[in-house]
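In terms of our numbering, the sequence shown opens at residue 126 and continues consecutively. All C-beta atoms in this analysis are idealised placements derived from N, C-alpha and C, irrespective of residue type, glycine included.
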Amino acid sequence: MTIDPTTFRNGLGRFATGITIVTGISDDGSPVGVTVNAFSSLSLEPPLVLFCLGRKTFCLDAFTSGRGFALNVLSEPQRHLSETFSKPLDDRFEGVDHDFWDSGAPILDGCLANLECDLETVHDGGDHVIIIGRVVRLMQAEKGQPLLYFMGDYRCIGDCV
Ligand SMILES: Cc1cc2nc3c(=O)[nH]c(=O)nc-3n(C[C@H](O)[C@H](O)[C@H](O)COP(=O)(O)O)c2cc1C
């Protein structure tokens with residue numbers, strides 16, 4: 126059976142996910158960030174996570190050439206960040222409050238969790254690459270609701286505010 130890409134995408138859209146912004150630093154030292162929902166926990170010991178990035182992503186090198194990066198798990202009121210970090214903009218970080226930990230990757234304020242990672246390995250994944258990170262520092266919020274993605278649209282637990 127041949128599955129066309131649109132049908133495939135629609136089928137996969139039935140799997141509800143959270144949304145993350147993966148952040149890092151480019152070769153010239155400037156911050157980069159991309160909206161990613163292809164994120165998963167991978168291992169508890171050692172603490173590993175993975176995400177998948179399209180091969181054509183402008184800032185792919187920032188995540189595959191050995192530097193650390195961060196995964197920022199979005200909360201319900203952060204839909205605007207998901208939109209900002211999936212759009213072609215000169216500066217996606219303009220007006221976005223953030224901090225820096227050891228890796229230099231931006232740690233976005235107001236997230237449900239921030240995970241700073243060392244790059245562990247990079248694997249082939251068809252038109253994407255699979256990037257595995259070892260979590261070296263974690264912040265988790267005590268309260269807050271997640272921003273969700275389902276069937277091509279943003280969702281919330283209960284009604285979106
Ligand atoms: C909700 C949502 C989830 C996304 N998930 C992914 C993903 O998991 N992997 C990916 O490569 N792109 C994903 N994208 C698309 C990228 O965010 C977008 O193509 C990217 O920011 C383009 O970056 P560039 O202009 O730097 O190439 C997603 C977009 C949205 C809106």
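Roughly how many angstroms separate the alpha carbons of Leu-206 and Ile-128, rounded to a whole number? 32 Å
Helix, strand or coil, according to DSSP, for Glu-208 in the structure here? helix
Applying the 10 Å Cβ sphere with the 16-neighbour rule, what's the burial state of Ser-228? buried
Below 8 Å, how does it come out for the stretch 182-191 and the stretch 268-286: are there three or more Cβ pairs, yes or no? no
For the beta strand (DSSP E) holding Pro-171, just list the boundary residues, first then last. Element bounds for Pro-171: n/a, residue is neither H nor E.
Identify which residue in Arg-259, Leu-272 and Gly-283 has its Cα closest to the Cα of Thr-171. Position check: residue 171 holds Pro in this sequence, whereas Thr was assumed. It is Arg-259.
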